[in-house]
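Asker:
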Amino acid sequence: MEREHFSRHFDEELNEIREKLLEMGGKVEVMIANSMKSLVERDSELAERTIAFDHEINHLEMEIDEKCLEVLARRQPAARDLRFITLALKIVTDLERIGDQCTGIAKRAKELNEEPPLKPYIDLPRMAEAASVMVKEALDAFVRGDDTLAIKVCKNDQFVDELNEQIQRELLTFMMGNPSTISRAIKVNYISKCLERIADHATNVAEMVIFMVKGKDIRHTIA
Amino acid sequence: MEREHFSRHFDEELNEIREKLLEMGGKVEVMIANSMKSLVERDSELAERTIAFDHEINHLEMEIDEKCLEVLARRQPAARDLRFITLALKIVTDLERIGDQCTGIAKRAKELNEEPPLKPYIDLPRMAEAASVMVKEALDAFVRGDDTLAIKVCKNDQFVDELNEQIQRELLTFMMGNPSTISRAIKVNYISKCLERIADHATNVAEMVIFMVKGKDIRHTIA
Amino acid sequence: MMRSVALRKTKNLLMTALMVAATLTVLVPLALIFVHIVKMGLSSVNLDFFTQIPKPTGETGGGMANGMAGSAVMIAMASAIGIPIGIFGAIYLAEYGGSRISTVIRFAADVLSGIPSIITGMVAYSLLVVPMKGFSALAGSVALALIMIPIVLRTTEEQLKMVPGTLREASLALGVPLWRTSLKVTLRSALTGVMTGILLSIARVAGETAPLLFTALGNQFWSSKLTEPMAAMPLQIFNFAISPYEDWHRLAWAGALVLVTVMFTLSLAARYFGRTRER
Amino acid sequence: MTTKVKLENLNVHFGNTHAVKDVSIDFPENSVTAIIGPSGCGKSTVLRSINRMHDLAPSARVTGKIILDDADIYDKGVDPVSIRRRVGMVFQKPNPFPAMSIYDNVIAGYKLNGKVNRSEADGIVESSLKRVALWDEVKDRLKTSAMELSGGQQQRLCIARTIAVKPEVILMDEPASALDPLSTLKIEELIEELKEKYTIIIVTHNMQQAARVSDFTAFFYLGELVECGETRKIFTTPDKKQTEDYITGRFG
Amino acid sequence: MTTKVKLENLNVHFGNTHAVKDVSIDFPENSVTAIIGPSGCGKSTVLRSINRMHDLAPSARVTGKIILDDADIYDKGVDPVSIRRRVGMVFQKPNPFPAMSIYDNVIAGYKLNGKVNRSEADGIVESSLKRVALWDEVKDRLKTSAMELSGGQQQRLCIARTIAVKPEVILMDEPASALDPLSTLKIEELIEELKEKYTIIIVTHNMQQAARVSDFTAFFYLGELVECGETRKIFTTPDKKQTEDYITGRFG
Amino acid sequence: MPPEATSQKWNIKTGLNGDFIFKGITVVFAFSILAILLIMVYEMAGESLPAMKKFGWRFITGQDWDAVQGTFGALPYLWGSVVSSVLALLLATPLSIGSAVFITEIAPKKFGGVIAALVELLAAIPSVIYGLWGVLVMAPWLQQTVQPFLIDHFGFLPFFQGAPYGVSMLAAVFILMIMVVPIITSITKEVLLAVPQSQKEAAIALGATRWEMIRMAVLPYGRSGILGAVILGLGRAVGETMAVTMVIGNTPQISLSLLSPAYTMPSVIANEFAEASSKLHSAALMEIGLILLAVTLVINALARLLLWSVTRKQSGGGL
Ligand SMILES: Nc1ncnc2c1ncn2[C@@H]1O[C@H](COP(=O)(O)OP(=O)(O)OP(=O)(O)O)[C@@H](O)[C@H]1O
Ligand SMILES: Nc1ncnc2c1ncn2[C@@H]1O[C@H](COP(=O)(O)OP(=O)(O)OP(=O)(O)O)[C@@H](O)[C@H]1O
Ligand SMILES: [Mg+2]
Ligand SMILES: [Mg+2]
Ligand SMILES: O=P([O-])([O-])[O-]
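Chains as they are written, first to last, in numbering that gives the first Met the number 0: chain A, 0 to 222; chain B, 0 to 222; chain C, 0 to 278; chain D, 0 to 251; chain E, 0 to 251; chain F, 0 to 318.
#1: Using a Cβ-Cβ cut-off of less than 9 Å, give me the residues of the region 168-184 of chain B that come near chain A, in sequence order.
#2: Kindly say whether residue 207 of chain C, judged by its beta-carbon, lies nearer than 8 Å to any beta-carbon of chain F.
#3: What ranges does the beta strand (DSSP E) occupy inside the region 155-233 of chain E, keeping only unbroken runs of at least 3 residues that lie completely in it?
#4: Of all the residues that make up the region 99-115 of chain E, which are near chain F by a beta-carbon distance shorter than 8 Å?
#5: So is residue 92 of chain D in contact with chain C if we call contact Cβ pairs under 8 Å?
#6: Short of 6 Å in beta carbon distance, which residues of its chain neighbour residue 142 of chain F, apart from the five on each side in sequence? Order them along the chain.
#7: Drop a sphere of 10 angstroms on the beta-carbon of residue 167 of chain A, count the other beta-carbons inside from all chains shown, and report buried for 16 or more, exposed for fewer.
#8: Considering residue 13 of chain E, what are the terminal residues of the beta strand (DSSP E) in which it resides?
#9: What residue does the beta strand (DSSP E) around residue 64 of chain D start on, and which one ends it?
#10: Quick one: Cα of residue 0 of chain A to Cα of residue 204 of chain D, how far?
#11: Quick test of your reading: residue 79 of chain F and residue 241 of chain F, contact by CB under 8 Å. State the CB separation rounded to the nearest angstrom.
#12: What residue range does the beta strand (DSSP E) around residue 87 of chain E cover?
#13: With hydrogens ignored, establish whether the beta-carbon of residue 217 of chain D is closer than 7 Å to any heavy atom of ligand 1.
#14: Do you know whose CA, among F/30, F/25, F/90 and F/53, lies nearest residue 283 of chain F's CA?
#15: With a threshold of 7 Å, establish whether the CB of residue 43 of chain E neighbours any heavy atom of ligand 7.
#16: Over what stretch of residues does the beta strand (DSSP E) that includes residue 37 of chain D continue unbroken?
#17: Comparing the CB of residue 16 of chain D with every heavy atom of ligand 1, is any distance shorter than 7 Å?
#18: Using beta-carbon positions only, say whether residue 269 of chain F and residue 250 of chain F come within less than 8 Å of one another.
#19: Output, in chain order, the set of chain B residues within a Cβ distance shorter than 8 Å of residue 210 of chain E.
#20: Quick one: which residues of the region 180-195 of chain D get their C-beta closer than 9 Å to a C-beta of chain A? List them in chain order.
#21: Classify residue 216 of chain E as buried or exposed, calling it buried when 16 or more other Cβ atoms lie within 10 Å of its own Cβ.
#22: What does DSSP give as the partner residues of residue 27 of chain E in its beta bridges?
#23: So is residue 207 of chain E buried or exposed if we call it buried at 16+ other beta carbons inside 10 Å?
#24: Can at least three beta-carbon pairs, one atom from the region 279-294 of chain F and one from the region 45-62 of chain F, be found at a separation below 8 Å?
#25: To the nearest angstrom, report how far apart residue 0 of chain F and residue 176 of chain C are at their CA atoms.
#26: Please state whether DSSP places residue 152 of chain B in a helix, a strand or coil.
#27: Cβ of residue 204 of chain D less than 8 Å from any chain E Cβ?
#28: From this set, C/267, C/269 and C/263, which residue's C-alpha is nearest residue 33 of chain C's C-alpha?
#29: If you draw a straight line from the alpha carbon of residue 155 of chain B to that of residue 195 of chain B, how long is it in whole angstroms?
#30: Report the residue from E/152, E/44, E/3 and E/185 whose alpha carbon sits nearest the alpha carbon of residue 94 of chain E.
#31: What separation, rounded to the nearest whole angstrom, lies between the Cα atoms of residue 116 of chain F and residue 57 of chain E?
#32: Which term fits residue 200 of chain A, buried or exposed, when burial requires 16 or more other beta carbons within 10 angstroms of its beta carbon?
#33: Along the chain, where does the alpha helix (DSSP H) that runs through residue 180 of chain A open and close?
#34: Residues of chain A with a CB under 8 Å from the CB of residue 32 of chain E: which are they?
#35: Quick check: the region 86-97 of chain A against the region 87-103 of chain B, are there 3 or more CB pairs under 8 Å?
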């Protein structure tokens, strides 16, 4: 278990960052889920709401950034604490971009909902589910300083990548078979890419967590 | 002109970060140029080299991250210096991701080079040029603390976005007209998206520069 | 031009030796005096010495009881006059000092303490003895008080000044008025040091002879009135020492031993107070 | 947030030295305000004018207003002694009364004024020492001399002594600069606790300390107030160039 | 990087206190090594053993080896006076000789070797004062008393005095802790300059200062060396839990 | 101005302000010191007026002192005081400084402390006891051994001519030396102890030997303080009464020989003042007292100024 800081307030501030990050993570997961739901259930209104929700993520990003800056300026953190804060700074960017991806998904969903359904979505929800779990676990790993979990997240990325490739192949066949679906297929393709990117962001976070815990940088070393 | 720090060594360290970032920016510009060149001139070997080049960007990212961490731990920067370092931390991530996009472009280029050309590339190079300038200017704005330039970058993003949409529309017509081009068109589409994302990253950087200079966060406020 | 280390070391040794020699030279006569006082004094001091008054010339025996009593009385009176003046004067200098006038007072006190005691005696003579038309214990006490005042004042002031200013400020910051702060914090903190100063001043006047020569004058007998001449030990020692009689020399030695013992006791007590303060 | 202490055009002269120049500043209630600035810029002088410590320096001349709650403490007829009971002060070097026990030190504010009720005193001593987190360390030796405590403990004792008289405002002049890092951390922690009940104004040489403990920071330069604002703001995005130069180590 | 000073199983006792326990550590040449740790952990004691300052304390007993270049300075027959000329020392409080002028202060140590001719002395004074960036501030008043300088200038003068005798190693025991922030920055800057010619070992209470000025950092706890390594490493990714706890403020 | 001197204001609520009363008391006592000094000078001057009027400067240059005739010249007393004090001081100064340095810098702490304590105790011995020892022990010894030896071996010098009386200028010089050594030593010791450890460490760290450290850091730091101590010793020697009276022989003459008896200013006052035969006689003695007072005032003022500069340096310039 982590030893407490001498200054209770410092601990509180770090905790605040930790909790805000978790909150942001939770919201991002909701966004992933909702954007997918708006697609699968053809719920344009939900898509609309999801797009609007992004500003909450944006707001949290700024809040956490500011808090981190404040702690850096006021507490002069070192070692583990310093790594924690600098990574928090980087992680929020990833989370915010995940939010952006979700907005993208929701936008496409809205468009797709105007048109007849292309085919039932089977792999996309699986992919979304996997990406969402990755985001959750990456954040868990971060706040718990759990590098084993982080390594697991990095490994899971491959699964999402494979799903993405499979979906792309499928869509290609689809489009070739029926050019009228092209416009819709491109959108679905886009969504798949978004999910892949979300998983990428989660992987980025996980890699940085490993750096924080181990104190060494594994980015760009494990494929 | 910026007043020097009392500690020459602190100045030197900040300069080192600044220069490393510029170096990284320069390399990223080269990557954008080369990846596009490999596409336009159908030079698969260049594409290969561009892909391999990414590890240099990755390496620089780690180096700059480490240096920033060191300065944070050793110099306890405040105010402008603190904002400079934390933004450097965030900017390298963007630069690194731009590198990733370039790798993506080069990969697609390699694939496209195997197939007959779809059509002459006119808009894509324009877009790449615009994105590249944005990256350069964003970094210039960063190292110079020039918020006017940064605002200009943010505005330029719209131009790239419009180009991207135009290309997408074009490709759609193309695919509908000739389903056999779909596979290639999707790749071109992908490249266009990559360029758009590069411009997005540049915009992110520029927004953060404005924050650094003005001390207020304009992310998510100017569209 | 490197001077060899050996040369520097030799010089070091030589200088050390010289300083050891100086110390020995200082200590030898002092040790001799000490030895003589103890040797002569011990062989002369007896119960009579403490209970009898001096016998008339030619008779053997007798003591310095009246001298001791007289000294005690005059020291007590001198203290009663000198100590309050010294302490309150010191409080003025320490608390309200800093202005030019307190520098002048401080200087005056220093000068006063350097004035030969015989002059103090002369002044007391013309101020008290002449108007009162006679030598008196009172005049002696005043002369001794004049010697005590600057000593008490300066040591007390030094001690008060050694009390960190922040201590006073601490008290003031607690809402304690200045006068209570002066007495209960500053003076209280310096108390042991002040006691040292008082003891030293008593030790000093206990041995004073010159100022008593024309004030208390001395007395062969018991005296109980403050307006009459009174005996004092140092005076008696002086008179006996310059007398031609062996027996009085004996008494002088005994008196010296007693006086020195008292003195040493006071000094030791002063050192003791000083030490507890340092901790 | 209500203002507890308000300086209005405060000027302090020492003879011909104009040490504090036309300073106006609000100290909000129940918060910690740090005063920073280079040596000799008048930090201590400003602080000491808030409990009329300058009354004792013959050369000091204070003009302007210092409004505590809503009355000027420099008004005619205001008794400085009563002001000092409302505005306590903690000094750079721990300065317990050396001749007193730990217990007596805490209760000194009452005792020196000659009024102590024994059972009441016990309560005050215990609660004050608990408040500064010293009770457990000293409860078995309340009667021993305060000088036997370590420097950090002594400083906490001095803080206990100050809060024992139930002040509203506590002034601290570099309260940790004579202490080792661990004791410093303890004092800093204590300051953050105390602000729940008191309005605290602290002078510190250590910029990082100001950053750590304070809610508001005032930056002084050459006797003038350059900038005052929320600490997070001062240390991340100060308004004035001078402030920024100072906190980023660019002065000279 | 070659090792300039090497401690091997150094132990220092004061009477019954075992102040430094079995410390082995290398101080690389032409670099700054900071010694940090809580109060009383033996930092100063280690430092002072490196120029045999403990020879003056009758109760001190030093065992183990301290190898300067390649000879043990505690060997029999080694003259402490000559060691101290090779290993200079700067103290916490500036301590120029008050009865001497600025000029005489700088040349004081050098003169011990014997008579120095005027022009040689002038050269040494000038170069030493330039080295500590004090020349321009004092060149017009070299003959005035050293006490007229400010605290920070005095400390730089003391450093000039130390380097005037051309030592190889400079020990500094909290050289800036008695100074204001600006003077502190100047001293820190100076230390970073000096390492080009000297091997510097500095004790500091101020962790941030250690982070700023040193290339290597050694963390001591209860007389033992816990960890020693590159400063960047110690402050970002220390190996030992104890070190991390200390530098992140988690001890207690 | 509002903040100034509030302690002097009347507090309407409680009637008299405690601070005001308190300050009043201290002011009175403090100023009484000044008053005492002024009264002393005034009194001495007033009482010696008859002599001053009668003799003018001749009082100082005259060598005759005849109470019966009514002629009073103080030169022999001045001579005796000056010669005895200066010679005593010349002997005492190096010894005192040497032993003070030994006590503070060379001897082991405890041993040095013992010696210092001894010296301090001896400084507290009353002068009458030194006199007792001087007249009963030292003078006979001088008479029997030292003076004959000097006459035999150095009799060719004007300083060692005449018969061995025992009580003599030489005896006075010796007793004064013995008496001022503890004073100078203990003040010098205090001055040297006030030299901060950091000063000594500075020298040691520069590679100085112990003597070099003393020469470089200790003595210069204490320079003016030591000078002050010496001058204070001089003041003490000039004003010393009893011991000198007992050993100097009390003969008003000016002789180069240290072996012959002499007389000092305090001694003549001690011997003659109580039974002064006439108004003029006592006025003359008063005038001698006044001269003594003036000399000691000057000497003390000098010593204090020097000692003050030391303490100021310590408190002010030490950073
Ligand atoms: N009692 C005094 N008499 C005369 N001048 C004074 C007095 N107190 C302060 N000053 C002067 O007032 C100015 C401000 O001093 P002050 O002590 O307030 O500075 P500071 O900012 O607290 O400095 P530091 O950080 O060194 O404590 C200085 O120029 C100082 O010399
Ligand atoms: N001359 C001495 N005599 C006896 N004990 C000593 C002496 N010098 C140091 N010590 C003891 O040795 C231990 C280490 O002291 P040292 O001064 O080296 O600690 P430090 O780490 O420098 O502490 P600080 O940070 O307070 O200066 C302490 O317990 C101290 O009491
Ligand atoms: Mg101050
Ligand atoms: Mg130390
Ligand atoms: O004046 P005396 O010291 O000799 O008494």
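Here a beta-carbon is modelled for each residue, glycine too, at the ideal position from N, C-alpha and C.
Answerer: Result, derived from the coordinates:
#1: 170, 171, 174, 175, 176, 177, 178, 179, 181, 182 and 184
#2: What you label residue 207 of chain C is simply residue 208 of the third sequence in a count that begins at 1. Yes, because at least one Cβ of chain F sits closer than 8 Å to the Cβ of residue 207 of chain C.
#3: 168-172, 198-202, 215-220 and 223-229
#4: 99, 107, 108 and 111
#5: As a first step, residue 92 of chain D must be located in the fourth sequence, where it is residue number 93. Chain C contact via Cβ: present.
#6: As a working note, residue 142 of chain F is residue 143 in the sixth sequence. Excluding sequence neighbours, residue 142 of chain F sits near 163 and 165.
#7: For the purposes of this step, residue 167 of chain A is taken as residue 168 along the first sequence, with counting starting at 1. Buried, since its Cβ has 16 or more Cβ neighbours within 10 Å.
#8: Here residue 13 of chain E corresponds to residue number 14 of the fifth sequence, with the count starting at 1. 2-13 is the span of the beta strand (DSSP E), which, as asked, contains residue 13 of chain E.
#9: Position 65 of the fourth sequence, counting from 1, holds the residue named residue 64 of chain D. 59-67 is the span of the beta strand (DSSP E), which, as asked, contains residue 64 of chain D.
#10: Here residue 0 of chain A corresponds to residue number 1 of the first sequence, with the count starting at 1. Here residue 204 of chain D corresponds to residue number 205 of the fourth sequence, with the count starting at 1. Legend: pLDDT at residue 0 of chain A = 36, less than 50; position of this residue unreliable, no value from coordinates given.
#11: The sequence position of residue 79 of chain F within the sixth sequence is 80, counting from 1. The sequence position of residue 241 of chain F within the sixth sequence is 242, counting from 1. Residue 79 of chain F to residue 241 of chain F, Cβ: 15 Å. No contact.
#12: One-based indexing of the fifth sequence puts residue 87 of chain E at position 88. First-last of the beta strand (DSSP E) with residue 87 of chain E: 86-89.
#13: Your numbering for residue 217 of chain D matches position 218 in the fourth sequence. No - ligand 1 has no heavy atom lying nearer than 7 Å to the Cβ of residue 217 of chain D.
#14: Along the sixth sequence, read from residue 1 onward, the residue named residue 283 of chain F stands at position 284. Among F/30, F/25, F/90 and F/53, the Cα nearest to that of residue 283 of chain F is on F/53.
#15: Ligand 7 is absent from the structure shown, which contains only ligand 1, ligand 2, ligand 3, ligand 4 and ligand 5.
#16: Sequence index remark: in the fourth sequence, residue 37 of chain D carries index 38 (1-based). Residue 37 of chain D -> no beta strand (DSSP E), and no H or E assigned at all.
#17: Residue numbering aside, residue 16 of chain D sits at position 17 when the fourth sequence is read from its first letter. Residue 16 of chain D: yes, Cβ under 7 Å from ligand 1.
#18: On the sixth sequence, residue 269 of chain F is found 270 positions in, with the first residue counted as 1. On the sixth sequence, residue 250 of chain F is found 251 positions in, with the first residue counted as 1. No. Outside cutoff.
#19: As a working mapping, residue 210 of chain E is identified with position 211 in the fifth sequence. Residues of chain B passing the Cβ test: 72, 73, 74 and 75.
#20: 181, 184, 185, 187, 188, 191 and 192
#21: Against the fifth sequence, residue 216 of chain E aligns to sequence position 217. Counting Cβ neighbours within 10 Å, residue 216 of chain E comes out buried, since at least 16 surround it.
#22: Taking the first residue of the fifth sequence as position 1, residue 27 of chain E is located at position 28. Its beta-bridge partners are E/2.
#23: As a working note, residue 207 of chain E is residue 208 in the fifth sequence. The residue in question, residue 207 of chain E, is buried, as its Cβ has 16 or more Cβ neighbours within 10 Å.
#24: yes
#25: Along the sixth sequence, one-based indexing puts residue 0 of chain F at 1. Along the third sequence, one-based indexing puts residue 176 of chain C at 177. Here residue 0 of chain F scores only 34 on pLDDT, less than 50, and its place in the model should not be relied on; the value that follows carries that caveat. For residue 0 of chain F and residue 176 of chain C, the distance between alpha carbons rounds to 20 Å.
#26: Along the second sequence, one-based indexing puts residue 152 of chain B at 153. Residue 152 of chain B: helix per DSSP, three-state reduction.
#27: Against the fourth sequence, residue 204 of chain D aligns to sequence position 205. Closer than 8 Å: yes.
#28: Position 34 of the third sequence, counting from 1, holds the residue named residue 33 of chain C. Among C/267, C/269 and C/263, the Cα nearest to that of residue 33 of chain C belongs to C/263.
#29: Here residue 155 of chain B corresponds to residue number 156 of the second sequence, with the count starting at 1. Here residue 195 of chain B corresponds to residue number 196 of the second sequence, with the count starting at 1. About 11 Å.
#30: Sequence index remark: in the fifth sequence, residue 94 of chain E carries index 95 (1-based). Among E/152, E/44, E/3 and E/185, the Cα nearest to that of residue 94 of chain E is on E/152.
#31: Sequence index remark: in the sixth sequence, residue 116 of chain F carries index 117 (1-based). Sequence index remark: in the fifth sequence, residue 57 of chain E carries index 58 (1-based). Going by the C-alpha atoms only, they are around 22 Å apart.
#32: Within the first sequence, the letter at position 201 stands for residue 200 of chain A. Buried, because 16 or more other Cβ atoms sit within 10 Å of the Cβ of residue 200 of chain A.
#33: On the first sequence, position 181 is the one that residue 180 of chain A refers to. Careful: residue 180 of chain A lies outside any alpha helix (DSSP H) and carries neither H nor E.
#34: Here residue 32 of chain E refers to the residue found at position 33 when the fifth sequence is read from its first residue. Neighbours of residue 32 of chain E on chain A: none; closest Cβ ~18 Å, over 8 Å.
#35: yes
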